[in-house]
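This report refers to the structure that appears directly beneath it.
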Amino acid sequence: MNALDPIVWSILLLAAGCALVVLEVFFPSGGFLGVLSCAAFVAAIGMAFYYHGTMAGMALLLFSSILVPVVLAVAIKYWPITPMGRAFLGEPPTEEEVTPEDPRRSLIGRVGIAHSKMLPAGAVLIENQLVDAVSQGMAIDPDQYVVVTEVRANRVVVRPANDHERPVHEDPDSLLSRPIEELGIEELDIDGLNNSQT
C-alpha cells in the first residue's frame, strides 16, 4: 500500500484527533485542543468520503463515533492516577480514612443471647449491652445463644451459636448463673420446713 494513499492519511488524522482529545483531558487548553481534534476528525472522514466513496466514509464515521467516546472515557478514568491528575486533585483517600470508626466492630465473634424473637431483626444482649441486630435469614428464639458474624452498615448481623461456641456460664462471676452445687449450699428441705411450721 502506498504511504500517501488517502485512507492512510484518514487513519493518521483519526489517530491525531484521538491524541488531541486525550491531551485536552490531561492538559485543559480552554477548548483549543478540542477544536483541533474536531478538525482532525472532520478531515479524516471527509478524505474517506472524497477519495474512497460513501462506504469507506460511512465506515470511518461509524468507527469514529465509537472510538472517540471510548478514548474519552479511558482518558477520564485514568486521569486521576496520572502525576498531573494527582497534582490537580490531590491524593485519593485510603479506605481506612473514608470508613467511619464503628465501636460495634469489636463485637464480631462475641457470643450473646437473643433478648427478643428475631424475625430477622431483634435485640441481642452482648456483655450486658442491649444491641439491635439482624439474623442471617433464619428466625432466632428468645434466650437462644447467638454469635456476631459481621457489622454491616448500621446493623449487627448474628447467627445461632453452635454447641461448642456457647459459654458454660454467661458470667462466671455472677452467683445467680452458677449451679447450686458449686456454691456449696445445701438443698432446701421444703417438707421439713412445712412440718416445723405446723
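Numbering (my numbering), first residue to last: 2 to 199.
Virtual Cβ for every residue (Gly too), placed ideally from N, Cα, C.
Just so we're clear, the structure is a prediction, and the values are computed from it rather than from any experiment.
Hey, residue i and residue j: beta-carbon distance below 8 Å or not?
i	j	result
Leu21	Leu34	yes
Val125	Ala162	no
Leu1	Ala134	Only positions 2 to 199 of the chain appear in the structure, and residue 1 is not among them; the question remains open.
Glu166	Val152	no
Gly18	Ala41	yes
Ile278	His53	What the structure shows of the chain is the stretch from 2 to 199, and residue 278 is not part of that stretch, so it cannot be assessed.
Leu108	Ile77	no
Val214	Val23	Past the boundaries of the shown model lies residue 214; the chain is included only from 2 to 199, so the question cannot be answered.
Pro143	Lys118	yes
So which of the options has the shortest CA-CA distance to residue i?
i	options	result
Ala122	Arg160, His165, Ala41	Arg160
Cys39	Phe50, Met85, Ala60, Val69	Val69
Leu62	Ala49, Ser117, Asp142, Ile127	Ala49
Pro6	Gly86, Ser65, Leu131, Tyr51	According to the sequence as given, residue 6 is Asp; it is not Pro. Among Gly86, Ser65, Leu131, Tyr51, the Cα nearest to that of Asp6 belongs to Tyr51.
Thr150	Pro143, Gly138, Asp142	Gly138
Pro168	Gly110, Asp142, Ser136, Ser117	Gly110
Trp10	Ser66, Glu25, Gly86, Ala44	Ala44
Consult DSSP for residue i and reduce its assignment to one of helix, strand or coil.
i	result
Leu126	strand
Asp120	With the sequence shown as reference, residue 120 is identified as Leu, and Asp is not the correct amino acid for it. Looking at Leu120 - three-state DSSP - the assignment turns out to be coil, as it is neither helix nor strand.
Gly54	helix
Pro161	strand
Ser38	helix
Arg156	strand
Gly86	helix
Ser136	strand
Ile141	strand
Gly18	helix
Pro173	Because Pro173 carries a pLDDT of 49, less than 50, the predicted location of this residue cannot be relied on, and the following value inherits that uncertainty. In this structure, Pro173 counts as coil in the three-state DSSP scheme.
Asp6	coil
Ile109	coil
Around the C-beta of residue i, are 16 or more other C-beta atoms found within 10 angstroms, so that it is buried, or is it exposed?
i	result
Glu183	Unreliable placement is indicated for Glu183, whose pLDDT of 49 sits below 50; the coordinate value is still reported in the next sentence. With fewer than 16 Cβ atoms within 10 Å of its Cβ, Glu183 is classed as exposed.
Leu15	buried
Ile46	buried
Ala74	exposed
Tyr146	buried
Ala60	exposed
Val157	buried
Val132	buried
Ala154	exposed
Ser66	exposed
Ser136	buried
Asn129	exposed
With residue i and residue j assumed to form a contact (beta carbons below 8 Å), what rounded beta-carbon distance in angstroms separates them?
i	j	result
Phe27	Trp80	6 Å
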